[in-house]
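Asks:
Number of protein chains: 2
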Amino acid sequence: MQELLAITKALSDPNRVRTLLALQGGELCVCQITELFGLAPSTISKHLSVLSHAGLVLSRKTERWVYYRLPDKSAPVVIREALDWVKKSMANTDVAAADARKLKIILKTDLTEICRRQCR
Amino acid sequence: MQELLAITKALSDPNRVRTLLALQGGELCVCQITELFGLAPSTISKHLSVLSHAGLVLSRKTERWVYYRLPDKSAPVVIREALDWVKKSMANTDVAAADARKLKIILKTDLTEICRRQCR
DNA sequence: ACTATATTTCGCCAAATAGCGAAATAATGT
DNA sequence: ACATTATTTCGCTATTTGGCGAAATATAGT
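Here it is, written out as structure tokens:
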């Protein structure tokens, strides 16, 4: 029960759902997601912590950055099905499209440049 | 997005999840669910309203009672998949088993007797 | 019409949560 | 060693939410 509730609570915030959608294109570091949503780094970090605790994202630290990604096929069924459901439900929505467009621009920009904007 | 969030928010409360599981055996009226969870009728009513607003349950009023039930196959895919996911994830949990056991007893008891206990 | 009963709505309180900025932590570069 | 940078943790505030009881609503019985 707790596991399911951790997942549904994690999925009940728009910015966390948008984060999962953004990660479909591959891993992102915290400051890239921060740039995408225009929220404070601490806020994004908290959201990622909630998603991570629910098992909906995995992270990897390298150099100064922490990269978050969606779990792969080896993840528990309950997690994979939840993610598939979100992906499917949000496909072809305006929110997803707008985020994807903005993310494309962010990915073309130099990473340190993105981070500098957030951490001053 | 709003539709998905209505669903995930509805699913992020233990009593609402338990309600959905309880309805697997067929429709129940408010006072039966109230008896099952030992909460105030107004509280249960609110929970059912949230589930209903998300499309996760349907209701039917007859005589003095309002019966709530799970939607059938004709429900939107997003709803059916969410319900399947919950059912599957909660199958074989202690909570579900205990509720099922208590529900069995409640269903054997006369409906007016159940309601009288709640509404005094 | 009046009473009884099942449910919902409303007003309130306590607990949980999203947001921020500041401070702490961890890793890199000088 | 020290400064810089990316992320996290902490403390705070505003908002949301779950719970209750009382009042309102709706329906059935007398």
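In the order they appear, the protein sequences are chains A and V. Quick note on numbering: the first sequence equals residues 1 to 120 in this note's numbering. Quick note on numbering: the second sequence equals residues 121 to 240 in this note's numbering. We put the beta carbon where it would ideally sit given N, CA and C, even for glycine.
Counting only the same chain and skipping the five closest in sequence on each side, list residues whose C-beta sits under 8 angstroms from that of VAL57 (chain A).
Replies: So the qualifying residues of the chain are THR19, LEU20, LEU23, LEU48, LEU51, TYR68, ARG69, LEU70 and PRO71.
Asks: From the DSSP output, in three-state form, read off THR213 (chain V) for me.
Replies: Correct three-state label for THR213 (chain V): coil.
Asks: Pull out every residue of the segment 80–111 of chain A whose Cβ sits closer than 9 angstroms to any Cβ of chain V, in chain order.
Replies: Within the segment 80–111 of chain A, the residues whose Cβ lies closer than 9 angstroms to some Cβ of chain V are GLU81, ALA82, ASP84, TRP85, VAL86, LYS88, SER89, MET90, THR93, ASP94, VAL95 and ALA96, listed in chain order.
Asks: ARG18 (chain A) lies in the alpha helix (DSSP H); which residues open and close that run?
Replies: From DSSP, the alpha helix (DSSP H) with ARG18 (chain A) extends over 14–22.
Asks: Name, going along the chain, the residues of the segment 129–158 of chain V whose beta-carbon falls closer than 9 angstroms to a beta-carbon of chain A.
Replies: Listed in sequence order: LYS129, ALA130, LEU131, SER132, ASP133, PRO134, VAL137 and ARG138.
Asks: With H, G and I counted as helix, E and B as strand and the rest as coil, what does DSSP make of THR131 (chain A)?
Replies: Outside the shown range of chain A (1 to 120) lies residue 131 (chain A), about which nothing can therefore be said.
Asks: Rounded to whole angstroms, what's the CA-CA distance from THR109 (chain A) to ASP133 (chain V)? Just pull it up for me.
Replies: Their Cα atoms are separated by approximately 41 angstroms.
Asks: With distances taken from CA atoms, which of V:GLY175, V:ASP204, V:THR182 and V:CYS151 is nearest ILE164 (chain V)?
Replies: Nearest option by C-alpha distance: V:CYS151.
Asks: How should GLU233 (chain V) be labelled, buried or exposed, when 16 other C-beta atoms within 10 angstroms of its C-beta is the threshold for buried?
Replies: Counting Cβ neighbours within 10 Å, GLU233 (chain V) comes out exposed, since fewer than 16 surround it.
Asks: Cα-Cα, which of A:LEU4, A:LEU11 and A:GLY38 is closest to VAL137 (chain V)?
Replies: Of the listed residues, the one whose Cα sits closest to VAL137 (chain V) is A:LEU4.
Asks: Which residues in chain V sit within 7 angstroms of VAL78 (chain A), going by Cβ to Cβ distance?
Replies: Ordered by position in chain V, the residues that pass the 7 angstroms Cβ test against VAL78 (chain A) are SER209.
Asks: Please name the residue, chosen from A:CYS29, A:ILE79 and A:TRP85, that lies closest to CYS115 (chain A) on a Cα-to-Cα basis.
Replies: Checked all of A:CYS29, A:ILE79 and A:TRP85; the closest Cα to CYS115 (chain A) is A:CYS29.
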